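In mature numbering (1 follows the signal peptide of the UniProt record, and there is no 0), the protein residues as written are -24 to -1, 1 to 396.
In what follows, a single structure is set out as structure tokens and then discussed.
Here you go:
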């Protein structure tokens, strides 16, 4: 009995080794498949699992939201503010929903510009043909004819369009802080014509035409189809099982952008509007307010049209401007002019209007009274109009002094002529 057991022991040992090798091989295959899975997907892919369709309401009413008397966005049933995480663990879907609401907000602000502020839309380029993409700006009725003052508003970069400073503020705070409406109304009350630029409306987005897929290397090989299928099944079965277990993505439509002629960037847009509108306006004194990247676009305008800007622009208010005189290679004369005619309200923990240390030899920096970048325009609201009024009064005094000087010289010449 013992001899039989001893004889069987090597066989059992060999069998155990073989089984261990098989188990190890299976573990290695699973590990390899898991590594392949992790190399092919990321966090965004995992978030796509079991996503609802990307179909969202087309109006505020369908979203069940509305702006109340204070300009705050509230749910029409609960009265609660907007909730970003409508679906837990579905960040991509929540983001798409937020973007869909943002597009509705954009149209809502356009309606406010037209109906509340009585502004009209001007198509760009001015000589656009029917089959090319176009953008637009908004003009007050007297934007081009006002003989005294013109205010030009330029927002920063991103998703914001004409009439907006920050979409986040419109949705989460109120219309006053997030839109340009208060600036437009105040300017009109104080006798300004107004131009609202649209520097992020740079392109038309269209669906990409579908392309026929190129044949894969296996499809072009001489190997028999049945043999290829068996080989692919054998090699890919376990990988697909692991992969498809976690991945169930929604395919998004692929698009391409067709740039708007001469308005393909914020800098191009500001230059185009200057050449075709601002430079032709009747106003003797032009005032510009630019937020964030809009400040960079203004400085680029100065680089391109320095003498024209100096002759026509009275004062420039910047809010947390993104310009950089070194990277943009501005001239010394431009820097000197900015020192005298510009002021930059920047995010800071200091109280409003407190002077701050200069970072560059361009325009003076003062505190906007907030550390939030997107709030700098709204927090500086009264200070900016006070700054403009001071400059306008100064220009008026200088013009009066010049006029008196001319009158005195003329009278003196006349008296001399009479004496003769």
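All residues carry an ideal CB built from backbone N, CA and C; glycine is no exception.
Since we're looking at a predicted model, the values are computed, not measured.
Give the straight-line distance between the Cα atoms of residue i and residue j, rounded to the nearest whole angstrom.
i, j, result
"residue 326", "residue 342", "9 Å"
"residue 367", "residue 140", "26 Å"
"residue 459", "residue 295", "For the chain, the structure presents residues -24 to 396; residue 459 sits outside this window and is missing."
"residue 274", "residue 64", "42 Å"
"residue 243", "residue 272", "8 Å"
"residue 153", "residue 55", "20 Å"
"residue 74", "residue 132", "20 Å"
"residue 278", "residue 308", "12 Å"
"residue 251", "residue 66", "47 Å"
"residue 46", "residue 151", "8 Å"
"residue 246", "residue 333", "29 Å"
Given a threshold of 16 other Cβ atoms within 10 Å of its Cβ, counted over all protein chains shown, does residue i qualify as buried or as exposed?
i, result
"residue 229", "exposed"
"residue 105", "exposed"
"residue 291", "buried"
"residue 118", "buried"
"residue 168", "buried"
"residue 81", "buried"
"residue 83", "exposed"
"residue 425", "Because the chain is modelled from -24 through 396, residue 425 falls outside the range shown and cannot be assessed."
"residue 72", "buried"
Does residue i come out as helix, strand or coil in the three-state DSSP assignment?
i, result
"residue 102", "coil"
"residue 51", "strand"
"residue 416", "This structure gives no information on residue 416, because the portion of the chain shown stretches from -24 to 396."
"residue 77", "helix"
"residue 257", "coil"
"residue 172", "strand"
"residue 42", "strand"
"residue 244", "helix"
"residue 398", "The structure shown does not extend to residue 398, since the chain is modelled only from -24 through 396, so no value can be given for it."
"residue 147", "helix"
"residue 263", "strand"
"residue 316", "helix"
With the cut-off set at 8 Å, would you say residue i and residue j are in Cβ contact?
i, j, result
"residue 100", "residue 138", "no"
"residue 260", "residue 123", "yes"
"residue 304", "residue 276", "yes"
"residue 297", "residue 329", "no"
"residue 128", "residue 254", "yes"
"residue 60", "residue 70", "yes"
"residue 164", "residue 126", "no"
"residue 181", "residue 237", "no"
"residue 114", "residue 145", "no"
"residue 62", "residue 32", "no"
I'd like to confirm something about residue i: is its beta-carbon nearer than 7 Å to some heavy atom of the ligand SAH, or not?
i, result
"residue 247", "With respect to small molecules bound, the structure shown includes none, and the ligand SAH cannot be examined in it."
Indicate whether at least one CB of chain C lies closer than 8 Å to the CB of residue i.
i, result
"residue 87", "No chain C is present in this structure, which holds just one protein chain."
Restricting to runs no shorter than 3 residues, where is the beta strand (DSSP E) found entirely within the segment 88 to 145? Runs of the beta strand (DSSP E) inside the segment 88 to 145: 96 to 100, 111 to 115, 125 to 130.
For the segment 329 to 368, list the beta strand (DSSP E) runs that are entirely contained and at least 3 residues long, ordered along the chain. If one requires a minimum length of 3 residues, the beta strand (DSSP E) runs lying completely within the segment 329 to 368 are 341 to 343, in chain order.
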